[in-house]
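Residue numbers (my numbering), protein chains in the order written: chain A, 1103 to 1590; chain B, 1103 to 1590; chain C, 1103 to 1590; chain D, 1103 to 1590.
If you want it as structure tokens, here you go:
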């Protein structure tokens, strides 16, 4: 299932590219496939024409979820009916037709649901275009999986044709594409845990395979001329008189014994027909088991990578410290910093911001840092433009409690602005900015600066500051003035 | 199979290197092995002498594919004949000899097929060299796998010698090297999906192993003195009278029950001879199963990595946004940008271009960007040389709809040229170039620039522009002139 | 178990972030979870109020470890009692109640144990707060898993109610959360080998699953109306008279035959009830086996990566050398360097140091290099500030014996200070500093410098030295003076 | 086995570090463990005192290999003797004692073999130190695994004591540490293929486990009071009269059926004693199977990564080309370049060279490039120093046939020297250097330069050339002179 989806996706991707223009705007919209929530937000503002439903309409989504529930029911009942049940007018008949009815409604409804055009990135609400698109793609399959073959079968009541109708009934399994596409969407939705989405999917596939194989194997036994030479009849010759529950459990038991390769052998193929089925089932199992293990390995590797990275970083640091017999104070600072970094950054945050275009980065910096920087005494009265350019160059860092930010006599490479927490500068405490003396007069830092608690600090390199001051002479004077006033 | 290929490859690679010259031109040609399509294109232009066939000739390739089909037939029929069939003059005899005939033709044909010399990277069409090369490598194996041992066996009709001839017949399996080398080539051909190529290969290997083991195990039972103490005779004492189909299915069933480690136990070894065979078969299975799972894991990891990377990037960005409570507008821009980047770049494109030598990169830039840049008003009338140098420095970027490209008062670091899509500069809309005021006069950007739809934009850094203008004074004047004309 | 932990962790992590302040100090303390040892050291200095115990108190830790031992006993005895034993006043009754007693004590004790507040990073020793926190989280579960249901069951001596009490008794398994959290802590503690911690955990989970399944399956057989139609009764009809040991071993044997998917089939489900249990057990096994293999793969990959990296680096170097036919002397130096680097760096050390903030890096450099550099003749008498800035720019490197550090006529890019080992400069040997002539007079290095044994050498780039001299004119004169004195 | 080795290694590594000096020369020698061949070369020159053998002596190595062969024999024969054979004076007795003799010789010999001191990196040939080291480590184990317990057992001929002697005899398995350390060494030796070394190791471990388990399980059956209630007796009640071969094959068959989890069930545990053994064996199998699969996955991932990287790079390039509809000429150049790069670099070479210290890099450049550069007309007559500095800055690159090296009007960033192959500069062909006009006069390159065949070209950046000329004025004049002469 997942294979074919992925393949289709790739094919579509490649084909599109080939036919695109010189400098094509391929990837021209946030397809529903990759980015459901965001796409939704952009398109939800769009006003559609009357009687046309948006695919992002919460009510339509709920309806789709309800259909998925019905699909799960169909997937379970169809093989069961195929193998165990004789079709007659009873409760199941009623339920079946009601379920079919829902799908028939959806069939009609689809003609009124707008779709996202992959070229224009817009919702298409032209009924004619919707109809053409649907009829040329999945309409035929949907119709054939909804047609009431079973009620029809009641008209032609013969043994042979019943099997034929039952086979037609298996077309219902086409509906499973809804579940398949649901999983494809969930995997890309970060609101859901990847591990559990993936596990649920694998368990579903396994259970469905077990169910189908069990039912089909029972059917073979049921139709074999000599009941004692069947896998179930060899153990229980009168199995046909047994209760449905017992027969179903036995089938499932056999099926799961085989798929897990446990193979007790208490129930086993007795005739070539069953052997042949077993051969294909076991080959399929070999693939499925490998696929399960492959997925689990993938998940475990990803799962443990965070702890592992932390361990590796921490071990490297503490080995370095031990080997060089660093004094406990430095050692403490090192280890604190590493675990703080590990906790705050989540290993990806800085990369994320760096990957953004300049304008977005500036917006973020402006939003986060501007209010803090404009309140520091040093930048009182400087122009808005100047500050705007300055904050774009700043970087936020966390310092653990009792960590050194500046060492006395250090070369003056950076200016720091305190965002939260507190530091001690020499003897002074209530400061919002430090390192300015060294940076502006270009001389070794006069004081050691140390945090007293967990602090967030903005760092601005001397080069950036000086470059910005150069192109904004007046603001430079204001800063010197501010600096001078305080020293006074 | 795949192991030995790879090992040979490595050995050859290393050996070659050792004997090469001081600064050797190892890797001196695009071997057929690594790069079939490209190698083909280069060599297809070569004119060969008469009666010599190019290995890239489509007709020869088709012939090779046809032989691969025959090999698959041979691989299936040879073990079957070995175990189940008595050799006599019937339809199978005819088919066998026809197939042999095809391989005999290929044997002769190979003397007329040019080969790629690994030193000169050229096709060698000297018949003598071709003959020497073939005779010194695979000629003996090919002859022995083509010789008609079975017709010969009809002459010596004894029980013991028949087994001998049957063994000789197994030499046909040598032909499998063609399938093996086909897969090795397909894996490196990007026109084929890696996942499916690999899966097909693994399934083929598994099926062949199952088939061989089933046949061989039957042979052991067939030749054991006491038929009731064999794995098949213990269940069905008169198995020798059974139909070929039933016996074959039973053998396959046993074989696959064993290879999947299901091991029902309904059919199991009864005598030491079978036990011994089973021991080796199960050991082989242990290796094969591990190999299957290893491959599947490898494929699954690669398969899911794209979705996973997207999830990780997206999650990091949205966590960052949520944690810092960024306003929805910035948040939207961030997420749009990330999903756009993910869709357009495919994570590898930029790396690819950066890895190319300068001349190729310049060619690409010239081809893609020159026509666009020369039509912008700013660069009207400037020299070709100047523009040529300029486009080499440009980088293409995608911006999602409603994203900021320039913020007002930003420092003027880049000049932008619009390729496709549209932007709003302050109030103006139909512009093809923006950021020029800030860049040329070196002052904060006067306007915010925002896209209205998905846009592709070329970025040129201020430094590059200024450097190029410096060395081309006249063109600089022309640009200033153009800029001035418009402002008027 | 591990799943739910990890999920909880992630949920808590995310939830916290959502509710945090604008620029939040999330990750505001070194939680006990991530960093036990360090957290301990910081908080151990804290003085708590009377009668309140620190969670880092070694005696409390020992008590917790003792409880973990009791939990393991409970985990083993509870399913056994559930399935095999009739509850009566014997030795086991006594032991059980003593164990319960310990947990009751812990229940009370927890009200006196301080906890680490995740906001303030401080130990909270307010008894009221401790009580509120405990009652609102795990109190109910702890009480229900400690309540003496079994003694109570003696009062109500009926068949049906006994099963009920036995089920209540299974609440004891809630105690396993202690083991689960122990493993979560051990995995993050670098004092324990990750591989063995992980293996122990997986083995524990497997054994517990095997034990539970075996006991439960026996219970089903024990309570089935027809003893001959049970998995154990089919083989041994009088199994109820058998000794406890035999019955337990048989159960375990069945359980482990199933979980390893060996499935001999000598013991297998005989009735639908057992089949149903088997189905769920085998499905669970499929997941567990995948999980085991996934973890093992993860560990093996990590395990072998060090050897593999070394092999790859070494192979690349020796292939390069062979291909270019480098003279043995250069080849030896290359390979020595690579293996030395591999041994000393452990691949992570340099990264670790580079990831630290500037102040910590300076501290480390000052601590390690200052005493060495200040004793070299060249830096005699220079100011402390100057040297302080200099050592921050230095980098330590290892050179293997007989390796070239400087080649004659090389461009003078670096100055070297010898830390340990010895070098030959031209003819001179006992030197502590070399490359100074070239660096200060900016001319090609006059001598080749070669190590005679394994040496650690500090490297200082010319640019750094010159920049520092420029801003410290006086120290520059002193250096020139020192240099001149020696040349005299 | 491999676990404990690795753990020991880690422990030793860590412990060493802890006790080392301030700036320790940990990793102070190329231990025999990590780097056998190189260590050998360094120490082989060392002259040892009389009667002391070097561990690197080829004859001693051969002796060690011979002992490994004997160990393999011991590992096979010991469990077999333990389970199947009664000890008496026959051929086996003789062989056994001869083998023991060899190990006794080695025991004595070890007192005369020098060892590598991990502190001084030197071979220690002091007999006293050698003796102390050996006696304090492995002496006791070696003695107990060599002591002739079996001949002794002939003296005390009782049933019960025989088992005791047999158990003592199992101490021989201690010898397996030699095989274990052999594998550890082979894995790090790049002359052996990692894949095959690893596979051989895993197969050996598996076979040994199978052999031991089979023998031990037979022993249990052999000693069980009721022969019909044993795993083998239930099928063949007179198994004790059967031939050794049949009993051994049956044991192996059972063992391998269990380890591969096939579990036919034809042979299965019949009594609690066997069940207990089975339980442990199956648990061990679960671990072993996971370990096998984990290793195989690791190998497969590494194995396929080269092909995969090539595919990914190639695909990215060709998608880029197709999407932007680049003309075939550029497309060809791109793809040629990528496949060439993939073949020549092997992905690691450049990294390797960059990781080396400057002096080694300069040596390599001097050795490889100097002879070529000094023969170009442009550098005729320049000083050796100048050229020496120049070649250190050069980088070698490969260009595929018909690839552009310089485009006309390109900015003059690099000078190129042709090493091998040939290029066309404008119309001229036989040139050894190009790009010089543009670089020296700093104007756009006047000609397009294109390769005609596969070429290796040295690239020197304009900046490096100009810097070197600046500090060597005279050489600059010479170059200008050379340039001028040719233009004339």
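We put the beta carbon where it would ideally sit given N, CA and C, even for glycine.
For the alpha helix (DSSP H) containing residue 1352 of chain A, name the first residue and the last one. Here the question's residue 1352 of chain A lines up with position 250 in the first chain. It spans 1346 to 1361 - the alpha helix (DSSP H) in which residue 1352 of chain A sits, taken as one unbroken run.
Interfacial residues, the stretch 1397 to 1421 of chain B to chain C, with Cβ spacing under 8 Å: 1399 and 1421
Quick one: which chain A residues come within Cβ less than 7 Å of residue 1363 of chain B? One-based indexing of the second chain puts residue 1363 of chain B at position 261. Here the neighbours are 1363.
Can you tell me whether DSSP reads residue 1552 of chain A as helix, strand or coil? Mapped onto the first chain, residue 1552 of chain A falls at position 450. If DSSP states are grouped into helix, strand and coil, residue 1552 of chain A belongs with the strands.
Note down, in chain order, each residue of its chain lying with its Cβ closer than 6 Å to the Cβ of residue 1377 of chain B, except the 5 sequence neighbours on either side. For the purposes of this step, residue 1377 of chain B is taken as residue 275 along the second chain, with counting starting at 1. If we look at residue 1377 of chain B and ignore the five residues flanking it on each side, its Cβ neighbours are 1371.
Which same chain residues, not among the five before or five after residue 1587 of chain D, have their C-beta less than 7 Å away from its C-beta? Translated into the one-based positions of the fourth chain, residue 1587 of chain D becomes position 485. If we look at residue 1587 of chain D and ignore the five residues flanking it on each side, it has no Cβ neighbours.
Residues in the stretch 1478 to 1497 of chain D having any Cβ partner in chain C nearer than 8 Å: 1486, 1487, 1490, 1491 and 1494
If you follow the alpha helix (DSSP H) that residue 1366 of chain A is part of, which residue opens it and which one closes it? In the first chain, counting from the first residue as 1, residue 1366 of chain A sits at position 264. No alpha helix (DSSP H) holds residue 1366 of chain A; DSSP gives it neither H nor E.
Using 10 angstroms around the beta-carbon of residue 1530 of chain B, count the other beta-carbons present and answer buried if the total reaches 16, otherwise exposed. Taking the first residue of the second chain as position 1, residue 1530 of chain B is located at position 428. Per the 10 Å Cβ criterion, exposed.
Using a Cβ-Cβ cut-off of less than 7 Å, give me the residues of the stretch 1289 to 1309 of chain A that come near chain B, in sequence order. 1289, 1290, 1292 and 1296
What residues of chain C sit near residue 1367 of chain B, judged by a beta carbon separation below 7 Å? For the purposes of this step, residue 1367 of chain B is taken as residue 265 along the second chain, with counting starting at 1. Chain C residues near residue 1367 of chain B: 1367.
For residue 1558 of chain B, list the residues DSSP reports as bridge partners. For the purposes of this step, residue 1558 of chain B is taken as residue 456 along the second chain, with counting starting at 1. For residue 1558 of chain B, which the question treats as bridged, DSSP gives the partners B:1500 and B:1522.
Under the assumption that residue 1541 of chain D contacts residue 1525 of chain D (Cβ atoms under 8 Å), give the Cβ distance between them as a whole number of angstroms. Within the fourth chain, residue 1541 of chain D is the residue found at index 439, counting from 1. Within the fourth chain, residue 1525 of chain D is the residue found at index 423, counting from 1. Not really, about 16 Å apart at Cβ, beyond 8 Å.
Counterpart residues of residue 1506 of chain C in DSSP-defined beta bridges: As a working note, residue 1506 of chain C is residue 404 in the third chain. Per DSSP, C:1552.
Less than 8 Å between C-beta atoms, sequence neighbours within five positions excluded: which residues of the same chain meet that for residue 1455 of chain C? Looking up residue 1455 of chain C in the third chain gives position 353. 1463 and 1466, listed in sequence order.
Is the separation between the beta-carbon of residue 1172 of chain D and that of residue 1204 of chain D shorter than 7 Å? Numbered from 1 along the fourth chain, position 70 holds the residue referred to as residue 1172 of chain D. Numbered from 1 along the fourth chain, position 102 holds the residue referred to as residue 1204 of chain D. Their beta carbons are under 7 Å apart, which means residue 1172 of chain D touches residue 1204 of chain D by this criterion.
Other residues of its chain near residue 1206 of chain B: CB distance less than 8 Å, five sequence neighbours each side excluded: Counting from 1 along the second chain, the entry for residue 1206 of chain B is found at position 104. Closer than 8 Å at the Cβ level, and outside the excluded window around residue 1206 of chain B, lie 1248.
Quick check on residue 1435 of chain A - is its C-beta less than 7 Å from some C-beta in chain C? Sequence index remark: in the first chain, residue 1435 of chain A carries index 333 (1-based). Closer than 7 Å: yes.
Should residue 1482 of chain B be labelled buried (16 or more other beta-carbon atoms within 10 Å of its own) or exposed? As a position in the second chain, residue 1482 of chain B is number 380, starting the count at 1. That one is exposed.
Which stretch, first to last residue, makes up the alpha helix (DSSP H) that contains residue 1372 of chain D? Indexing the fourth chain from 1 puts residue 1372 of chain D at position 270. Element bounds for residue 1372 of chain D: n/a, residue is neither H nor E.
Alpha-carbon spacing of residue 1240 of chain C relative to residue 1251 of chain C, whole angstroms: Reading the third chain from its first residue, position 138 is the one you call residue 1240 of chain C. Reading the third chain from its first residue, position 149 is the one you call residue 1251 of chain C. Approximately 19 Å between the Cα atoms of the pair.
Can you tell me whether residue 1515 of chain B is helix, strand or coil according to DSSP? As a working mapping, residue 1515 of chain B is identified with position 413 in the second chain. Coil, per DSSP.
In chain D, which residues lie less than 7 Å from residue 1454 of chain B when you measure between Cβ atoms? Indexing the second chain from 1 puts residue 1454 of chain B at position 352. In chain order: 1415, 1418, 1419 and 1422.
Let me see if you follow: with CB-CB separation under 7 Å, is residue 1511 of chain D close to chain B or not? Stepping through the fourth chain from its first residue, residue 1511 of chain D is reached at position 409. It does; some Cβ of chain B falls within 7 Å.
Judging by CA-CA distance, which residue of B:1182, B:1270 and B:1478 is the nearest neighbour of residue 1560 of chain B? Residue mapping note: residue 1560 of chain B aligns to position 458 of the second chain, counting from 1. Considering only alpha carbons, the answer is B:1478.
Inter-residue spacing [alpha-carbon to alpha-carbon] between residue 1457 of chain C and residue 1432 of chain A: Taking the third chain and counting its residues from 1, one reaches residue 1457 of chain C at position 355. Taking the first chain and counting its residues from 1, one reaches residue 1432 of chain A at position 330. Looking at the two C-alpha atoms, the distance is approximately 15 Å.
When the cut-off is 7 Å and only beta carbons count, does residue 1461 of chain C lie next to chain A? In the third chain, residue 1461 of chain C corresponds to position 359, counting from 1. Cβ-Cβ to chain A under 7 Å: yes for residue 1461 of chain C.
Do you know offhand how far residue 1110 of chain D's Cα is from residue 1434 of chain A's? Translated into the one-based positions of the fourth chain, residue 1110 of chain D becomes position 8. Translated into the one-based positions of the first chain, residue 1434 of chain A becomes position 332. Note that residue 1110 of chain D scores 39 on pLDDT, short of 50, meaning its location in the model is unreliable and no value can be drawn from it.
Backbone CA spacing between residue 1385 of chain A and residue 1362 of chain B [nearest angstrom]: What you label residue 1385 of chain A is simply residue 283 of the first chain in a count that begins at 1. What you label residue 1362 of chain B is simply residue 260 of the second chain in a count that begins at 1. Distance between the alpha carbons of residue 1385 of chain A and residue 1362 of chain B is about 8 Å.
Status (buried if at least 16 other CB within 10 Å, exposed otherwise) for residue 1459 of chain D: Counted from its first residue, the fourth chain places residue 1459 of chain D at position 357. Buried.
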